[in-house]
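In the UniProt record's numbering, the protein residues as written are 1 to 430. We treat Cβ as the ideally placed atom computed from N, Cα and C, and that holds for glycine. Since the structure is predicted, the reported quantities are computational estimates derived from the model, not experimental observations. Step one of this worksheet: look at the structure below.
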DNA sequence: TATTATT
C-alpha cells in the first residue's frame, strides 16, 4: 500500500464529528492544528451557509482513525473554550452518525432553579442520558427549559410517558412538559418567526402565503445585487435567505406555526405620532447610512458580510430595523425640512392591497435601500387607502432596484405597478 | 418553554 493511499483512507468505522463553538474567524487551516494532535485528519470542513457563505461557527471533522475521534472528543468536548467564545467547544458525533433523531426531548416548565444535574436526576431512571442541558440566557439565568437526549427512542418515550404533566415545579406556571424536541424543520420555522418578528414583517397581510413566496423571490433576486451594491440591507439580506427557506416549506407547516403565534404582532409607531428628536443621532435606515460604493468599483462584500453577521447574530441587543427605519426617516426629515425628492429617487406604487398602510409599504421597500419616506394615499372622507402610494429613497439606484424587483409583484389577484414617480404632475392618469 | 451550530 502506497503512502498516498494509506493516508487518504479512513477506517470503515471512522466517526464523523461535529465541532461547535468555533469562532467565526477560524477557517480549516486554523482549526487543523488544534485537532491534528489527536491523529491524522481525513476531512475537516467548516460549515457555511449555502446562500451567503457565512461561517456558521461549527465544522465537521473526520479522522482517519476512529480512535482519534474518541480521543479528541474526550480531550476537547466541553473542556476548553476557543478565544472569543462564551461556551466551551463541542466535539461529538455528527447527527448524521446516529440516525433517528427521535431520542431527544424538550423539557419545558422547569423551575428557574433547576440545574443540569437536577434534570438529569429526574430523567435518569428512564435510560442512558447522552446529553442534558438546561437552556440559559447570556447572564446564566435558566430559560426554564432543557434538552435531554437519551440513547434510544424507547427510553425517551418512557420518560415522556412517566414525566409529562406529572408535576408542577416551583416557579413554573404549569405542569412539566416533556416531549420530543422539534425536528429540524420545526426549529427552522421557529427561527424564521424570530427573524420575521424582528423585522416586523409578520402582519396579517404578509402572512398571506402567496405574498410571502412572491416577496421572497423578489428579495432573493436582490441577493445577487449584494455583491454590487452597498445599499442593500444586510438585515434584509439575511432575512431574505431565511424567508427563502421558509418559502420552501409546505403551507400546512407554516400555518401550524403562524397560527400558534401571530396573536400579538407589534404595531409600528406612527410616523406622525413619534416625536422628532431635536438632534437625532446620525442613524439611517437599517443603520448602514449612505455607504458609498468603493471608488474602485469593487463590491463592498466584506463590510456587508460583517454587518450581516453582526446584525443577525450579535448577542448585543439589535435595534428593531423598523424602528431604525423610522428614526432614519425622521433624521432625513429634520435634515431636509423641505421635501427632499430628487428626480429618480421616488417611486409610485399602484394596486396596493386595501389594508396596506405606510408601515406596510415601508417594510416592503426597506430591503432596497434607505427609505426616506413611505406614504399610502388615503381618502379623506372614508379614511380608506386609495391603494396607491409613494416611496422615496435617498438615491436613484435604490429606486431602480425596487422597481425592478417589485413591479408586477403579485399580491392576491393583483400585481403591483411600481414605477418612477412622474416628475411634476401627480394628477396625470396612469 | 426552543439552544450555538449539523454539510
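{"Query": "Between the beta-carbon of residue 404 and the beta-carbon of residue 348, is there less than 8 Å?", "Result": "no"}
{"Query": "For the stretch 34-44 against the stretch 112-121, are there 3 or more C-beta pairs whose distance is under 8 Å?", "Result": "no"}
{"Query": "Tell me whether residue 415 sits in a helix, a strand or coil according to DSSP, three-state version.", "Result": "strand"}
{"Query": "How long is the line joining the alpha carbons of residue 376 and residue 46, rounded to whole angstroms?", "Result": "46 Å"}
{"Query": "What are the partner residues of residue 150, as DSSP defines its beta bridges?", "Result": "129"}
{"Query": "Can you name the start and end residues of the alpha helix (DSSP H) that residue 76 belongs to?", "Result": "66-76"}
{"Query": "If you check the beta carbons only, do residue 89 and residue 41 fall under 8 Å apart?", "Result": "no"}
{"Query": "In this structure, does DSSP put residue 34 in helix, strand or coil?", "Result": "helix"}
{"Query": "Are the beta-carbon atoms belonging to residue 397 and residue 372 less than 8 Å from one another?", "Result": "no"}
{"Query": "Mapping DSSP to helix, strand and coil, what is residue 136?", "Result": "strand"}
{"Query": "For a minimum of 3 consecutive residues, which ranges assigned as the beta strand (DSSP E) are wholly contained in the stretch 363-413?", "Result": "371-378, 385-393"}
{"Query": "Please report how far the alpha carbon of residue 83 lies from the alpha carbon of residue 388, in whole angstroms.", "Result": "53 Å"}
{"Query": "Select from 395, 74, 353, 406 the residue whose C-alpha is nearest the C-alpha of residue 365.", "Result": "406"}
{"Query": "Count the other CB atoms, across all protein chains shown, that sit within 10 Å of the CB of residue 385; report buried if there are 16 or more and exposed otherwise.", "Result": "buried"}
{"Query": "So, with DSSP's three-state summary, where would you put residue 222?", "Result": "Model confidence at residue 222 stands at a pLDDT of 48, short of 50, so the residue's coordinates are unreliable; what they give is reported in the following sentence. Helix."}
{"Query": "Along the chain, where does the alpha helix (DSSP H) containing residue 56 start, and where does it finish?", "Result": "Counting along the chain, residue 56 falls outside any alpha helix (DSSP H), though it belongs to the beta strand (DSSP E) covering 55-63."}
{"Query": "Within 10 Å of its beta-carbon, does residue 125 have 16 or more other beta-carbons around it, so buried, or fewer, so exposed?", "Result": "exposed"}
{"Query": "Check the DSSP bridge columns for residue 19 and list the partner residues they point to.", "Result": "59, 91"}
{"Query": "Of the choices 13, 59, 52, whose alpha-carbon is the least far from that of residue 31?", "Result": "59"}
{"Query": "If I measure Cβ to Cβ from residue 255 and keep anything under 7 Å in the same chain, skipping five residues before and after, which residues do I get?", "Result": "At residue 255, the pLDDT of 48 sits below 50, so the modelled position is not reliable and the matter cannot be decided from this model."}
{"Query": "Which residue's Cα is closest to the Cα of residue 167: 87, 107, 71?", "Result": "107"}
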